[in-house]
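Sequential numbering from 977 applies to the sequence shown in the numbering used here. Contents: one structure, followed by commentary.
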Amino acid sequence: MGRDRDEAVKSRLTQAIHHKLEKWFPEKRLFLRSDTETRFIRLMPETQLVGWAGAVVIVGWTIISTAILLMDSIGAGNFRAQAQRDQMIYEQRLNVLSAQRDARAEEAVAAQERFSSALAQISTMQSELLAVEDRRRELETGLEVVQATLRNTMQQREEARAQVAALTDDGNGGPSTATISEEAESTVDLLASALAETTAERDMIASDAAFALDHAAEMELELRLLQERNDEIFRQLEEAMTISVEPLDKMFRNAGLSPDSLISAVRRGYSGTGGPLTPLQFSTKGGAPDPDAARANNILDAMDRINMYRIAAEKAPFDIPVKSNFRFTSGFGQRWGRLHAGTDFAGPIGTPIYSTADGVVTHASWSSGYGRLIKIQHEFGIETRYAHLNAMRVSVGQRVSRGQRIGDMGNSGRSTGPHLHYEVRVGGSPVNPMTYIRAGQDVF
C-alpha cells in the first residue's frame, strides 16, 4: 500500500512538471516519410528542455573560449609591439653612443697629435735654450779673457811709457815715444772694438734667452690646457664605454655564460691585429709609462670588448624564433611528471620560423615525437632545436645566420595543435630558452 501511494505521488508530481513544461515547450512531432510508410518521432517537453539546456551550455562555452583566445591574442600582440619598440629605442641609443664614441676617439687622436706636436716644440725650444745658455757661458768666458788681456795690455803700455821716459831722461837711443804710443793706442782700439762686439752679442743672446723663457711659459700654459682637455675627452670616452659594456656583460651573465670565456673563444677565432684598435705606444725615453697612453689603451680595450661581445651575441641564441603573432602555450619545466625541455609557441600553420643565432644545421628530418625537426649547432657548445614543423627550408651541413628563416610552423609528430617546440641545450643538457630570449630583449 505504501509503495502504491509513493508511486501515485511521483506520478502526480511528474504530471504537474509535465504540464508546467508544456507551457514553454509544447509537445512536438517530427515526421519521417518514406515511399511505403510514414513515421514520427515525439519530442516530449522534457527532451526539448534537455536539448535547450545543452545548446545554452555549448553557446556559453563557445563565447567564453572565444573571449579568452581574443584576450590572449591581444595581450601577445601588445607584448610583441612593446618589445619591438623597446628594441628600436635601444638600437637608436646604441647608434648615438657609437657616434659619440667615434667622435671622442677622433678627438682623442687629434688631441694626442697636438700633444705630440707641443712636446716636440718644447723639446726643440729646450734644446735651443740650452745651446743659447752654452753660448752665453762661452761668451762670458771669452769676455773675461779679453778683459784680462786688455788689463795686461794697459799695464804693459804704462810700463812701456815708463821705460820711454827713463830712456829719454838718460839720453839713450831707442824707439821714439810717438811710435810706442801709436802701437799701444792701436792695440787698445782693437781690443775695445772686440769688447764692443762681444758685449753686443752677449746682449743679443740674453734677449733671445728671455724670449725663449717667455715663449716656454706660454707653451707650458697651452700644454696644461691641452692636458685638461684630454682628461675631459678621456673621461667622456670612459663613461661611454662603461655604458656600452655593462648591458652586454649583464646579458651574458643572465644567460649563465661566462663573458671572459666567451671573449677568449671569440678572440681565438678572430686573432688578426692591426688597424685603429692597435694599442697606442708613446716613447717615454726609458721613463715611467705615459698615463694618457694607458687611458687610451684602456678605451681601445673596451671598444675591442664591445666588438667581441657583438660577435659572441651573433653566435649565441639571444633572438626569438617566432616574430609573428603567437601565444605561449607551455614553458620549460616539469609537466605531468616529465621534463618539458623547451618552450612552445602556438600560431597558424605556415608561420615563419627563424634561427636564433649563427650556426650549422646538424639535423633536418623526421624524428619520432618531434615530427619534422631541425637541429642547429652554435658556438660555445650550444644547440637549438625546432620541432613539429610543417616545412623545413634548410639542409644538413648548411650554415645559417641569426634571423634567417629555416622553416614553417606545423603540427607534425606528437602534437595537439599547430605550434613550435623550441629547445636550447648547453653541453647536451636542456636549459630554459626564455633565459636567453629575455636576456637578449634587455639589450637588442
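Beta carbons: idealized from backbone N, C-alpha and C, even for Gly. Quick caveat, the model's predicted, so the values are computed rather than measured.
> Going along the chain, which residues of its own chain have a beta-carbon closer than 6 Å to the beta-carbon of Ser971, five neighbours each way excluded?
Replying inline: Residue 971 lies beyond the stretch modelled for the chain, which goes from 977 to 1420, so this question has no answer here.
>> Helix, strand or coil for Leu1233? Go by DSSP, reduced to three states.
In response: coil
> What separation, rounded to the nearest whole angstrom, lies between the Cα atoms of Ala1029 and His994?
Replying inline: 17 Å
>> What does the alpha-carbon distance come out to for the pair Ser1344 and Gln1380?
In response: 26 Å
> When burial is assigned at 16 or more other CB atoms within 10 Å of the CB, is Val985 buried or exposed?
Replying inline: With fewer than 16 other Cβ atoms from the protein chains shown falling within 10 Å of its own Cβ, Val985 counts as exposed.
>> Tell me the rounded alpha-carbon separation between Thr1129 and Arg1112.
In response: 25 Å
> Cβ of Val1400 within 8 Å of Cβ of Pro1293?
Replying inline: yes
> Within this structure, are the beta carbons of Leu997 and Leu1025 separated by less than 8 Å?
Replying inline: Between Leu997 and Leu1025, the gap from beta carbon to beta carbon is short of 8 Å.
> Measuring CB to CB, does Gly1323 end up less than 8 Å from Phe1302?
Replying inline: yes
>> Using the three-state DSSP reduction, which class does Gly1404 fall into: helix, strand or coil?
In response: Reduced to three states, the DSSP call for Gly1404 is coil.
> Just the Cα atoms here: how many angstroms apart are His1339 and Gly1389?
Replying inline: 16 Å
> Is the stretch 1277-1293 in contact with the stretch 1341-1356, if contact means three or more CB pairs nearer than 8 Å?
Replying inline: As far as the Cβ criterion goes, the stretch 1277-1293 touches the stretch 1341-1356, which means the pair count is three or higher.
> Taking DSSP as the reference, what is the three-state secondary structure of Ser1300?
Replying inline: coil
> How many Å lie between Trp1312 and Gln1417 at the Cα?
Replying inline: Trp1312 and Gln1417 have their C-alpha atoms some 30 Å from each other.
>> Report the CB separation of Gly1347 from Pro1406 in whole angstroms; it is logged as a contact under 8 Å.
In response: Between Pro1406 and Gly1347 the Cβ distance is about 18 Å, and since that is not below 8 Å, they are no contact.
> What are the uninterrupted segments assigned as beta strand (DSSP E) that are 3 or more residues long and contained completely in the stretch 1345-1378, given in chain order?
Replying inline: 1347-1353 and 1358-1368
> Does DSSP put Met1385 in a helix, a strand or coil?
Replying inline: strand
> Going by DSSP, what residues sit across from Leu1008 in a beta bridge?
Replying inline: Arg1015
> Which stretch, first to last residue, makes up the beta strand (DSSP E) that contains Ile1325?
Replying inline: Taken as a continuous stretch (DSSP letters only), Ile1325 belongs to no beta strand (DSSP E), as it is neither H nor E.
>> Would Ile1098 and Met1195 be called neighbours here (beta carbons separated by less than 8 Å)?
In response: yes
> Any idea what DSSP makes of Thr1117, helix, strand or coil?
Replying inline: helix
> What's the call for Met1368, buried or exposed, on a 16-neighbour Cβ count within 10 Å?
Replying inline: buried
> Just reading off the alpha helix (DSSP H) that Gln1380 is part of, what are its end residues?
Replying inline: Counting along the chain, Gln1380 falls outside any alpha helix (DSSP H), and DSSP gives it neither H nor E.
> Leaving out the 5 sequence neighbours to the left and right, which residues in its chain are closer than 6 Å to Met1284 when beta-carbon positions are compared?
Replying inline: Ile1239 and Val1242
> What residues are listed by DSSP as bridge partners for Phe1321?
Replying inline: Phe1304 and Leu1396
> Shortest alpha-carbon distance to Lys1299 belongs to which of Ser1306, Glu1198 and Leu1396?
Replying inline: Leu1396
>> Is it buried or exposed, Asp1110, if we count other Cβ atoms within 10 angstroms and call 16 or more buried?
In response: Burial check for Asp1110: the Cβ neighbour count within 10 Å stays below 16, so the residue is exposed.
> Taking Cβ positions, are Arg1205 and Ala1087 nearer each other than 8 Å?
Replying inline: Going by C-beta atoms, Arg1205 is nearer than 8 Å to Ala1087.
>> Pop quiz: Ile1329 and Asp1384 are said to be a contact at Cβ under 8 Å. What is the actual Cβ separation, rounded to whole angstroms?
In response: 6 Å
>> Here's the rule: buried if 16 or more other CB atoms are within 10 angstroms of the residue's CB, otherwise exposed. What is Thr1327?
In response: buried
> When the Cα of Glu1175 is compared with those of Arg1229, Gln1131 and Thr1117, which residue comes out closest?
Replying inline: Reading off the sequence shown, one finds Thr at residue 1175, where the question assumed Glu. Nearest to Thr1175 by C-alpha distance, out of Arg1229, Gln1131 and Thr1117, is Thr1117.
>> Since Phe1304 and Tyr1398 should fall inside the 8 Å C-beta cutoff, what is the C-beta to C-beta distance between them, to a whole number of angstroms?
In response: About 11 Å separates the Cβ atoms of Phe1304 and Tyr1398, ruling out a contact at the 8 Å cut-off.
> For Ser1343, which three-state DSSP category applies?
Replying inline: strand
> By Cβ distance, which residues of its chain are closer than 8 Å to Glu1083, with the 5 residues on each side in sequence left out?
Replying inline: For Glu1083, where only same-chain residues beyond five positions count, the Cβ hits under 8 Å are Ile1209.
>> Please state the DSSP three-state secondary structure of Phe1390.
In response: Here the sequence assigns Arg to residue 1390, which means Phe is not the residue at that position. Note: Arg1390 maps to coil in three-state DSSP.
>> Using DSSP's beta-bridge definition, name the partner residues of His1316.
In response: Gly1309
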